[in-house]
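In UniProt numbering, the protein residues as written are 1 to 127.
First up is the structure itself, then whatever we jot down about it.
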């Protein structure tokens with residue numbers, strides 16, 4: 001059953017449940033990298049930027065071990081929307097909810113752009 005995941009998966013699940021940026025394993029680091037990449041994508045991406053973002057997300061090696069989860073298949077089924085930061089953050093929320101559903105975890109409830117931006121992007125003008 002899904003309640004008997006390996007320890008690597010349990011660490012990733014803990015990361016997802018506690019809304020922390022502290023990475024504990026390759027899976028949590030993968031999600032952190034994907035979320036921050038989306039959060040700092042251009043507000044409106046040029047054709048070249050869209051290509052680079054698509055290439056990044058489509059070719060990212062999956063580091064999450066989970067029964068019923070295949071990152072590459074999920075990305076093929078639901079390709080990243082790279083036209084804008086907004087579309088990419090909303091795509092990430094859908095992708096994470098797909099992962100959470102496959103692992104019997106509670107879904108992200110507040111997937112509004114403003115909330116996702118506040119969670120993943122610092123408004124300090126640094127980047």
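For glycine and all other residues, C-beta sits at the position ideal for the given N, C-alpha and C.
- Secondary structure note for residue 122: it is in no alpha helix (DSSP H), with a DSSP letter that is neither H nor E.
- Two segments are said to touch when three or more pairs of C-beta atoms, one from each, lie closer than 8 angstroms; by this definition the stretch 67 to 83 touches the stretch 41 to 57.
- Its Cα nearest to that of residue 59, the residue 73 stands out among 67, 68 and 73.
- For the pair residue 102 and residue 116, the Cα-to-Cα distance works out to about 22 angstroms.
- For residue 31, the enclosing alpha helix (DSSP H) starts and ends at 26 to 39.
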